[in-house]
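As structure tokens, the structure follows; a few thoughts come after it.
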Amino acid sequence: MEPNGSQLRRRKGLGEEQKKGACGEGNTKTQRRAPDLVQWTRHMEVVKAQFLEQAQRQLAELLDQAMWEAVQAYPQDRTSTAPDTTNKTQELSHVKRKVFITRKSLLDELMEVQHFRTIYHMFIAGLCVLIISTLAIDFIDEGRLMLEFDLLIFSFGQLPLALMTWVPMFLSTLLVPYQTLRLWARPRAGFTWMLGAGLGCVLLAAHGAMLCILPVHVAVKHQLPPASKCVLVFEQVRFLMKSYSFLRETVPGILCVVGKGGSAPSFSSYLYFLFCPTLIYREVYPRTPSIRWNYVAKNFAQALGCVLYACFILGRLCVPVFANMSREPFSTRALLLSILHATGPGIFMLLLIFFAFLHCWLNAFAEMLRFGDRMFYRDWWNSTSFSNYYRTWNVVVHDWLYSYIYQDGLWLLGMRARKVAMLGVFLVSAVVHEYIFCFVLGFFYPVMLMQFLVVGGMLNFTMNDRHTGPAWNVLMWTLLFLGQGIQVSLYCQEWYARRHCPLPQTTFWGLVTPRSWSCHP
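Be aware that the sequence shown starts at 0, since it is given in numbering that gives the first Met the number 0, and climbs by one per residue.
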């Protein structure tokens, strides 16, 4: 039988319903897959953007490094003025100058890797453990939960007085070297120029005397605590080094103009130089396009955290050990044990000083001033020789010593006197480091001088760049641990010995003789 019209219509309706059901299921699956596809597409776009950004950054860094190496290898004349036919000027023309290029600090690059950020997080966890242990000990011993900052408050006592002393030091550095240069830049016409040149020399002598005498006078008269002394002595050394660099870079170009005066650089460039984180003067530096204020705040916060970290380390690991050590009879066993005990706190202090000052503090000021060259240090932790360690630990100071002590020493003594020039660098650096320790601690105990000049000088020539491999890196770190332990142990013992055994009468030999050798109250 053939189906009638009603059956055909019924079958047709059922077929359309089945088609609609199948289409509905397909639309549902498509709707389910659509959000996943959109999310996956967005994720791939983000990955693509990150990959392109990283590749562009690495390519830019490679090109900057290649450009820096090419410029470093090119001989440049410091005094790009009238030619001189003397041998010393010809030797000076082959001197390598410091070249500034836009680049980030090494730790900022390493922090982009998750593994290095984890190491940073481990140090933060260590600070948290110190805080928790301090709270727990205070709660067990005294029944209260309170963090005491006695050591921090003592160290930064009389800080306003130190800041007030800084003002005349800064004003003298701001006005005297620049005004002296202007006097020397006048046309050299007889008595007038001689009078101006003499006046400039007198101003410079007064400027140097003020920078040398005023901070010492204030620190001794008012008995400033260590951290406030640090502010004065660091600024004292910084102003002296910057003044010398400014005059050293500008005076030769002015005096070599025969028969007429030169033109002094702009005052704004000199003012910028006084605040930017470098000790080498240039009239123009590479600049970044903008200021990242969140980056500035982060670095200042990290520097403050390092100060608190250092106070906790000294308070928990050093003060309980060394406070009463001078009251006990001296023994070689006690001295060796104290040195070994101090290796841990000593290396922690070294790392905190490096991170707080050379990374956080300098990067914060570089960002505020849009200073482009952020290479304040290199990968000193990978060093297999002490000669490389000294070059990479503090690039800011190394550039100054290399430019004005080593290279100028070669210019004066001849290119064959490299070892003599290198010894001059070690002598200047060791004396300045010992002066800083003496100024901050308030006594003369030449531990740093002996370590830097004698031990460091020998290691510089024996552990040189010919030694490579992981074993030499382990040896360098072992010697760093022991050196820091010796410094922390001996300086802490001398600090407490001078408080437990004060001199009945102040004499010169009493000031320069270590008190910890004879203090047995």
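Glycine included, C-beta positions come from ideal geometry on N, C-alpha and C. Remember, predicted model here, so these are calculated numbers, not experimental data.
Does any residue of chain C have a CB that is nearer than 7 Å to the CB of residue 428? This model lacks chain C altogether; it includes just one protein chain.
Closest by C-alpha distance to residue 432, when choosing among 420, 451, 417: 451
Is residue 185 helix, strand or coil when you go by DSSP? coil
Closest to residue 438 by C-alpha separation, out of 242, 236, 119, would be which residue? 236
Residue 388 vs residue 399 beta-carbon contact at 7 Å: no
Return the Cβ separation of residue 394 and residue 375 in integer angstroms, given the expectation that the two are a contact with Cβ distance under 8 Å. 6 Å
Reducing DSSP to helix, strand and coil, say where residue 372 ends up. strand
Whole-Å CB distance - residue 349 paired with residue 483, under 8 Å assumed: 5 Å
Taking the straight line between their C-alpha atoms, what separation do you get for residue 149 and residue 135? 18 Å
Roughly how many angstroms separate the alpha carbons of residue 192 and residue 178, rounded to a whole number? 14 Å
Simplified DSSP assignment, three categories, for residue 96: coil
My understanding is that residue 286 touches residue 366, with C-beta atoms under 8 Å, so please give their C-beta distance in whole angstroms. At roughly 11 Å, the Cβ-Cβ gap does not stay under 8 Å, so residue 286 and residue 366 are not in contact.
Taking 8 Å as the cut-off, does the region 104-113 touch the region 329-341 (at least 3 CB pairs, one atom from each stretch)? no
Considering only residues of the same chain and omitting the five flanking positions on each side of residue 245, which have a CB-CB separation below 6 Å? 176, 280
Between the Cα of residue 100 and those of 171, 485, 284, spot the shortest distance and give me the residue it belongs to. 284
Output needed for residue 263: all residues of its chain with C-beta closer than 6 Å, excluding positions within five of it in sequence on either side, in chain order. 180, 181, 184
If contact is defined by three or more beta carbon pairs under 8 Å, each pair taking one atom from either stretch, is the region 414-431 in contact with the region 469-482? no
With DSSP as the reference, label residue 377 as helix, strand or coil. coil
Please report the straight-line C-alpha distance between residue 514 and residue 487, rounded to a whole angstrom. 16 Å
Taking three-plus beta-carbon pairs below 8 Å as touching, is the region 196-213 in contact with the region 265-282? no
Is it buried or exposed, residue 232, if we count other Cβ atoms within 10 angstroms and call 16 or more buried? buried
Just verifying my parser: in three-state terms, what is the DSSP assignment at residue 102? strand
Counterpart residues of residue 286 in DSSP-defined beta bridges: 370
Out of 46, 50, 133, 407, which one is the CA nearest neighbour of residue 247? 407
Ordered list of alpha helix (DSSP H) runs contained in the region 296-369, each at least 4 residues: 318-321, 331-352, 361-367
Examine the Cβ distances between the region 462-469 and the region 312-327 and report whether three or more of them are shorter than 8 Å. no
Within the continuous alpha helix (DSSP H) that includes residue 120, where are the two ends? 113-141
Could you check the C-alpha separation between residue 242 and residue 357 for me, to the nearest Å? 21 Å
Please classify residue 414: is it buried, with 16 or more other beta-carbons within 10 angstroms of its beta-carbon, or exposed? exposed
Please go through the same chain and pick out, in chain order, the residues whose beta-carbon is closer than 8 Å to the beta-carbon of residue 58, but skip the five residues on each side of it. none
Would you say residue 214 and residue 154 are within 7 Å of each other, going by their C-beta atoms? no
For my contact list, residue 104 and residue 373 are in at a C-beta cut-off of 8 Å; report their separation, rounded to the angstrom. 4 Å
With 16 as the cutoff for other CB atoms within 10 Å, does residue 485 come out buried or exposed? buried
Reducing DSSP to helix, strand and coil, say where residue 49 ends up. helix
What does a CB cutoff of less than 7 Å around residue 273 pick up in its chain, not counting 5 residues either side in sequence? 172, 173, 241
Alpha carbon to alpha carbon, how far is residue 402 from residue 249? Give it in angstroms, no decimals. 14 Å
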